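The next block holds one structure in the form of structure tokens; read it before the comments.
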Amino acid sequence: MNVEASEAIVRGLKSAGVDLVAILPDHGFDRVQKRIAEDQSFTFVPVSNEGIGAGVCAGAFFGGKSPALMIPTSGLLVASWPLASLHNLWNIPLLLLIPFRGDVGDAQPVMRTYNFTTEPILRDLQIPYVIVREVAQVEGAIKDAVTSSFAWQNPICLLFTGETLR
Amino acid sequence: MKRIDCLKVLAGITRENDLVVTNLGNTPHEWQSVRPSRANLYGMNLGECTPVALGLALALPNRRVIALDGDGNLLLNLASLADTAYHNPANLRIIVFDNQAYESPGGMPTATAHGVDLVQIAKGCGIHKSFTAATIEDFADKIKLFEEEGFCFLVAKIETGTIERPPYASLDYKYNKYIFTTYIEETEKKPVLRLRSRSPFTEK
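Taken in sequence, the protein lines are chains Z and E. Just add 7 to the spot in the first sequence (first one is 1) and you have the numbering used here. Just add 112 to the spot in the second sequence (first one is 1) and you have the numbering used here.
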């Protein structure tokens with residue numbers, strides 16, 4: 008992810024009131040995750056698997072935080088258990104930020120699988136999502152996602168691809 | 113040692129504003145019977161009790177958070193012990209009721225029935241205040257450590273079995289969400305649900 012997109016994510020998170028970010032390191036999010044780790048306005052929670060991150064975000068919500076979970080594309084599969092049995096069942100808000108690896112244009116062979124899994128899993132988990140392709144969309148997409156996530160008491164996902172990932 | 117007896121001891125030292133997160137299965141019913149409270153968050157599914165308690169403890173560092181986990185529940189997401197040790201929240205206490213069985217779905221043994229020692233794992237993760245209690249006297253003694261500052265982890269070796277349950281549960285877990293969140297809003301004086309009265313789509 009380039010500098011402009013990374014900075015736009017940080018600005019978007021701040022303007023949307025996100026104050027806790029759980030992460031598992033990801034190549035696409037490398038720059039922005041380091042930025043968030045250094046920024047004192049966020050409670051930064053690195054975790055060992057995405058399911059733990061989803062649980063931590065749920066607990067943080069119960070404590071009055073506005074949480075975001077920033078994970079690799081593959082991590083959606085790992086997080087699907089708490090996203091189903093906790094967030095879906097209890098209607099818990101969450102901003103989910105995922106690079107859309109495996110989108111058409113991705114030249115990494117191992118990412119092909121996620122073209123087939125990512126969107127269907129989000130639909131099955133009843134998590135509305137927006138595909139963010141341009142840097143200019145980033146801040147507004149984050150603000151809209153957080154607004155609807157709390158209003159609907161439901162996770163919302165942003166999938167980053169195109170210009171934002173290059 | 114029976115879990116209900118441990119919970120009675122725990123209820124005796126639990127403060128009114130302590131937040132208690134329970135796993136799924138028999139623990140929430142037993143805990144509700146000894147400490148009915150809006151500060152209880154019941155019914156975390158497999159692998160989710162300790163992570164949710166960690167998130168709650170990080171969000172509210174000035175409130176004591178007690179997780180009532182189980183051996184099967186924790187084993188599904190054992191890495192959560194490593195993450196909790198890493199973040200080391202001073203306000204978190206974890207009790208694992210270890211009956212060495214997946215009791216709710218029929219009683220098949222968990223790994224702890226074959227020698228896996230959760231306290232040694234916790235110590236290996238860096239949780240220095242990690243203890244085992246095998247008798248109710250021992251449990252009552254170890255639970256006093258909860259009054260000291262700092263994250264601690266206690267494994268209570270219990271037998272299987274639970275109290276009699278009424279045919280209908282007294283609460284639905286989603287209903288519990290609203291009970292708990294409104295309690296936090298009242299006591300912490302800050303929004304949790306953040307339901308909006310108007311949509312940006314119609315705001316001028």
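We put the beta carbon where it would ideally sit given N, CA and C, even for glycine. In this text the structure is predicted, and so the values were computed from the model without any measurement.
By the CB criterion at 7 Å, E:Phe265 and E:Ser282 fall outside the cutoff.
When secondary structure is reduced to three states using DSSP, Z:Gly109 falls in the coil class, being assigned neither helix nor strand. E:Leu187 sits in a helix when the DSSP states are folded into three classes.
For E:Leu168, the C-beta contacts it makes with chain Z under 8 Å involve Gly66, Ala67, Phe69, Gly70, in order along the chain. Counting only Cβ-Cβ distances below 9 Å, Z:Thr80 has no contacts in chain E at all, with the closest Cβ about 20 Å away. Chain Z has a Cβ within less than 7 Å of the Cβ of E:Ala171. Three or more Cβ pairs closer than 8 Å define a contact, and the stretch 212-221 of chain E falls short of that threshold against the stretch 240-259 of chain E. Taking the CA atoms as reference points, E:Tyr285 sits about 20 Å from E:Asn129. Ranked by how close their Cα comes to the Cα of Z:Leu90, the residues E:Ala191, E:Phe263, E:Asn157, E:Asp183 have E:Asn157 in first place. Residue pairing from DSSP places Z:Leu102 in a beta bridge opposite Z:Ala75, Z:Ile163.
The beta-carbon separation of Z:Trp97 and Z:Gly58, rounded to 16 Å, does not stay under the 8 Å limit for a contact.
Note on the stretch 186-255 of chain E: whole beta strand (DSSP E) runs with a minimum of 3 residues are 204-210, 242-245, in chain order. E:Asn138: not part of any beta strand (DSSP E); DSSP gives it neither H nor E. Listed along chain Z, the residues sitting closer than 7 Å to E:Phe292 by beta-carbon distance are Phe69. In this structure Z:Gly35 is not in contact with E:Ile296, their Cβ atoms being roughly 35 Å apart against a cut-off of 8 Å. Only those residues of the stretch 173-195 of chain E whose C-beta falls short of 7 Å from the nearest C-beta of chain Z are listed: Asn189, Ala191, Ser192, Ala194, Asp195. The continuous stretches of alpha helix (DSSP H) do not include Z:Thr50, which lies in the beta strand (DSSP E) extending over residues 50-53. As summarised for the stretch 141-177 of chain E, the continuous alpha helix (DSSP H) elements at least 4 residues long and confined to that stretch are 161-171, given in chain order. In terms of Cβ geometry, E:Ile270 and E:Arg115 form a close pair [threshold 7 Å]. Within the stretch 23-49 of chain Z, complete alpha helix (DSSP H) segments of at least 4 residues are found at 37-45, given in chain order.
For the stretch 131-158 of chain Z, the set of positions with a beta-carbon nearer than 7 Å to some beta-carbon of chain E reads Thr154, Phe157, Ala158 in chain order. For E:Glu160, a Cβ of chain Z is located within less than 7 Å of the residue's own Cβ.
Its chain contains Ala197, Phe265 as the residues whose beta carbon lies nearer than 6 Å to that of E:Ile239, once the 5 sequence neighbours on both sides are disregarded; these appear in chain order.
Looking from the CA of Z:Leu84, the closest CA among Z:Thr124, Z:Leu104, Z:Val39 belongs to Z:Thr124.
Around the beta carbon of Z:Asp37, a 10 Å sphere encloses fewer than 16 other beta carbons of the protein chains shown; the residue is thus reported as exposed. In this structure, the alpha-carbon of Z:Ala143 lies about 29 Å from that of Z:Ala65. Contact annotation: Z:Ala148 and Z:Leu166 have beta-carbon atoms that are not nearer than 7 Å. The beta carbons of Z:Gly62 and Z:Ala29 sit no closer together than 7 Å. Taking a contact to require three or more Cβ pairs closer than 8 Å, the stretch 157-171 of chain E and the stretch 117-126 of chain E do not qualify as touching.
The beta carbon of Z:Pro89 falls within 7 Å of a beta carbon belonging to chain E, placing the residue at that interface. In chain order, Ser92, Leu93 make up the part of chain Z whose C-beta sits under 7 Å from the C-beta of E:Asn157. According to the DSSP secondary-structure assignment, E:Phe265 is paired through a beta bridge with E:Ile206, E:Ser242. Shortest Cα-Cα distance from E:Gly273 to any of E:Tyr290, E:Asn138, E:Ala151, E:Arg308 involves E:Asn138. Across the stretch 39-62 of chain Z, CB contacts with chain E closer than 9 Å involve Thr50, Val52, Pro53, Val54, Ser55, Asn56, Gly58, Ile59, Gly60, Ala61, Gly62, in sequence order along the chain.
Per DSSP, the continuous beta strand (DSSP E) segment holding Z:Tyr136 begins and ends at 136-139.
Contact annotation, Z:Pro106 with Z:Leu172: C-beta distance approximately 6 Å; criterion of less than 8 Å satisfied.
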